[in-house]
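Asker: Our numbering puts the first residue of the sequence shown at 27, with every later residue one more than the last. A single structure is presented below for examination.
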Amino acid sequence: MSLKMDKKLILEEFKNTASIEELEKIRIKYLGKKGLISLEMKSLGTLSIEQKKIKGQELNIFKSFFEKEFNNKKNDIEKFVINEKLKKEKIDTSLPPREFNTGKIHPISQTIYRIIDIFSSMGFSVKSGPDIETDFNNFTALNIPNHHPAREMQDTFYIQEKVLRTHTSPVQVRTMLKSKPPIRIIVPGRTYRSDSDSTHTPMFHQVEGLLIDDFSTMAHLKGCLIDFLKDFFEINDLKYRFRPSYFPFTEPSAEMDIAYSKKDNVLKFGEGDDWLEILGCGMVNPKVLENCNINSSKYQGFAFGMGVERLSMLKYGITDIRSFYESDFRWINHYGFSPMNLTSSTGL
Ligand code: DAH
């Protein structure tokens, strides 16, 4: 087959081509090793110098023309193929999304989000402090002096002069030292004690609460905690009681219990004749206010502290505290919360 350098013919060939494969055949026909243009190029050697010049130039122009048209056609075909694909792969937005399987929210996080949610609706803001505390913040400022037996009850891990905090109460001290009343904070966070059995883990979580102003009383404290527990457990006529207790940093001090009953192994909250301890609370001891440079004849307030694991176990029916920290996928799949279904307005 000899080459007719007819541009029309080439355009015609491209026009009748619909696939990349066919196009490739045309390329080989012209530009392959034994292609028409390649053979012509080779045959230039047999011509005289004059003819070689003329024919060579013509061939080069023709080759450039071919390549340009070839690339145009290739682009057209590729665009066409993509458009066809897009048409076929249209996304059906009316289909419900597939269940995400990217992980679950741990019940401890979910419980903390819920607690933050409820207290922020009452005007409390969220504060945090370091896990490694000074002895002063963790004990002394909270009216737990060196010799005090409460130190032993809260045995902890000492790191040189510092302690792994035994409760979130030191953040009360940090906040009062830094800011002036009115103060209204909650403090979720990790706490540490040298304890380990089916109801204790060396690390656990607490949420602390502190409110300081010049008028709040024990009645406000009670109202605040009752509202919180009703909301948290979603029980409107919750049966509860406040029991006198002792904490060095509050005076008077109380513990709050909620009623429960157990019949045929079914646990019911908010009713019944047995009591479950839920949290500790009280009016902030004036000594603590003074330790934190707050005038105790002008200001007063209340504080409370609750265990997050305990609240979480009661709410979600979890029986062994150690299971929170075993990183068992089956457990987290069962007790965890889908990030897509969180009810918390914290949005986490
Ligand atoms: N810090 C106490 C504990 O870990 C809990 C507590 C009780 C905190 C009474 C308070 C409070 O703020 O008023 O056992």
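All C-beta atoms in this analysis are idealised placements derived from N, C-alpha and C, irrespective of residue type, glycine included.
Give the secondary structure of Gln180 by DSSP, where H, G and I count as helix, E and B as strand, and everything else as coil.
Answerer: Position 154 of the sequence shown, counted from the first residue, corresponds to residue 180. If DSSP states are grouped into helix, strand and coil, Gln180 belongs with coil.
Asker: With a threshold of 16 other CB atoms inside 10 Å of the CB of His193, please say whether the residue is buried or exposed.
Answerer: As a working note, residue 193 is residue 167 in the sequence shown. Looking at its Cβ environment, which holds 16 or more other Cβ atoms inside 10 Å, His193 is buried.
Asker: When you compare the region 322-330 with the region 349-359, are there three or more beta-carbon pairs, one atom per stretch, that lie closer than 8 Å?
Answerer: The region 322-330, when compared against the region 349-359, does not touch it at the 8 Å Cβ threshold.
Asker: Counting Cβ pairs closer than 8 Å, one from the region 299-307 and one from the region 144-161, do we hit at least three?
Answerer: They do not touch, by the three-pair rule.
Asker: Nearest-angstrom Cα distance between Phe254 and Thr137?
Answerer: The residue given as residue 254 occupies position 228 in the sequence shown. The residue given as residue 137 occupies position 111 in the sequence shown. The alpha-carbon atoms of Phe254 and Thr137 are separated by roughly 13 Å.
Asker: State buried or exposed for Gln83, treating a residue as buried only when at least 16 other CB atoms are found within 10 Å of its CB.
Answerer: For this step, residue 83 is matched to residue 57 along the sequence shown. Exposed is the call here.
Asker: To the nearest angstrom, how far is it from the Cα of Asn262 to the Cα of Phe162?
Answerer: Taking the first residue of the sequence shown as position 1, residue 262 is located at position 236. Taking the first residue of the sequence shown as position 1, residue 162 is located at position 136. Cα-Cα distance, rounded: 41 Å.
Asker: My guess is that Ala167 and Asn317 are in contact by the Cβ rule of under 8 Å, so how many angstroms apart are they, rounded?
Answerer: For the purposes of this step, residue 167 is taken as residue 141 along the sequence shown, with counting starting at 1. For the purposes of this step, residue 317 is taken as residue 291 along the sequence shown, with counting starting at 1. The pair is a contact, with the Cβ atoms about 4 Å apart (cut-off 8 Å).
Asker: Counting pairs of beta carbons, one from the region 243-257 and one from the region 202-221, are three or more of them closer than 8 Å?
Answerer: No contact exists between the region 243-257 and the region 202-221.
Asker: Using a threshold of 8 Å, state whether the C-beta atoms of Ile284 and Phe273 are closer than that.
Answerer: Taking the first residue of the sequence shown as 1, we reach residue 284 at position 258. Taking the first residue of the sequence shown as 1, we reach residue 273 at position 247. It is not a contact, given that the beta carbons lie outside the stated cut-off.
Asker: Can you grab the Cα-Cα spacing for the pair Met67 / Glu39, in whole Å?
Answerer: The sequence position of residue 67 within the sequence shown is 41, counting from 1. The sequence position of residue 39 within the sequence shown is 13, counting from 1. Cα to Cα, Met67 sits roughly 22 Å from Glu39.
Asker: Report back the beta-carbon spacing between Val310 and Phe275 to the nearest angstrom; my notes put them in contact at under 8 Å.
Answerer: Taking the first residue of the sequence shown as position 1, residue 310 is located at position 284. Taking the first residue of the sequence shown as position 1, residue 275 is located at position 249. Right, the Cβ-Cβ distance comes to about 7 Å (below 8 Å), so this counts as a contact.
Asker: Look at Asn169 and Lys313 and say whether their C-beta atoms are less than 8 Å apart.
Answerer: Position 143 of the sequence shown holds residue 169. Position 287 of the sequence shown holds residue 313. A contact, by the Cβ cut-off of 8 Å.
Asker: Quick one: measure Cβ to Cβ for Ile347 and His226, integer angstroms, because I've assumed they're closer than 8 Å.
Answerer: Taking the sequence shown and counting its residues from 1, the one referred to as residue 347 is at position 321. Taking the sequence shown and counting its residues from 1, the one referred to as residue 226 is at position 200. Indeed, because the Cβ distance is near 7 Å, the residues count as touching under 8 Å.
Asker: Which of the three DSSP states is assigned to Lys289 in this structure?
Answerer: Along the sequence shown, one-based indexing puts residue 289 at 263. Reduced to three states, the DSSP call for Lys289 is strand.
Asker: Evaluate Asn425 with the Cβ neighbour count: other Cβ atoms within 10 Å of its Cβ, from every protein chain shown; 16 or more gives buried, anything less gives exposed.
Answerer: Nothing can be reported for residue 425: it is not among the residues displayed for the chain, which extend from 27 to 374.
Asker: Thr119: buried (16+ other C-beta within 10 angstroms of its C-beta) or exposed?
Answerer: Here residue 119 refers to the residue found at position 93 when the sequence shown is read from its first residue. Answer is exposed; the Cβ neighbour count stays below 16.
Asker: Buried or exposed for Ala378, going by 16 or more other Cβ atoms inside 10 Å?
Answerer: With the chain covering 27 to 374 only, the question about residue 378 has no answer from this structure.
Asker: Measure the alpha-carbon distance for Cys250 versus Lys288 and round it to whole angstroms.
Answerer: To locate residue 250, count along the sequence shown from 1; it is residue 224. To locate residue 288, count along the sequence shown from 1; it is residue 262. Their backbone Cα atoms lie some 28 Å apart in a straight line.
Asker: Please confirm whether any heavy atom of the ligand DAH lies closer than 7 Å to the CB of Gly308.
Answerer: The residue labelled residue 308 in the question sits at position 282 within the sequence shown. Gly308 Cβ: within cutoff of the ligand DAH.
Asker: Which residues in the same chain as Ile46 place their Cβ atom closer than 6 Å to its Cβ, once the five residues preceding and following it in sequence are excluded?
Answerer: Within the sequence shown, the letter at position 20 stands for residue 46. Counting only Cβ-Cβ distances below 6 Å, and skipping sequence neighbours, we find Ile103.
Asker: Does DSSP put Leu305 in a helix, a strand or coil?
Answerer: The residue you call residue 305 lines up with position 279 of the sequence shown. Looking at Leu305 - three-state DSSP - the assignment turns out to be strand.
Asker: Measuring CA to CA, which of Pro278, Gly343, Glu335 is closest to Lys141?
Answerer: Here residue 141 is taken as the residue at index 115 of the sequence shown, counted from 1. According to the sequence provided, residue 141 is Ile. The question's Lys does not apply to it. Checking every option, the nearest Cα to that of Ile141 belongs to Glu335.
Asker: For Asp32 and Leu85, what's the separation of their Cα atoms in angstroms?
Answerer: Mapped onto the sequence shown, residue 32 falls at position 6. Mapped onto the sequence shown, residue 85 falls at position 59. Cα to Cα, Asp32 sits roughly 11 Å from Leu85.
Asker: Let me know if Thr72 comes out buried or exposed under the rule of 16 or more other beta-carbons within 10 Å of its beta-carbon.
Answerer: To locate residue 72, count along the sequence shown from 1; it is residue 46. So Thr72 counts as exposed.
Asker: If we call anything under 8 Å between Cβ atoms a contact, is Ser146 one with Thr182?
Answerer: Locating residue 146 in the sequence shown gives position 120, counting from the first residue. Locating residue 182 in the sequence shown gives position 156, counting from the first residue. No, the Cβ-Cβ distance between Ser146 and Thr182 is not below 8 Å.
Asker: Between which two residues does the beta strand (DSSP E) carrying Tyr266 extend?
Answerer: Stepping through the sequence shown from its first residue, residue 266 is reached at position 240. Its beta strand (DSSP E) spans residues 266-273.
Asker: Expressed to the nearest angstrom, what Euclidean distance is found between the alpha-carbon atoms of Lys130 and Phe106?
Answerer: Here the question's residue 130 lines up with position 104 in the sequence shown. Here the question's residue 106 lines up with position 80 in the sequence shown. Those two C-alpha atoms are separated by around 43 Å.
Asker: Glu297 to Leu264, Cα distance in whole Å?
Answerer: As a position in the sequence shown, residue 297 is number 271, starting the count at 1. As a position in the sequence shown, residue 264 is number 238, starting the count at 1. Taking the straight line joining both Cα atoms gives about 7 Å.
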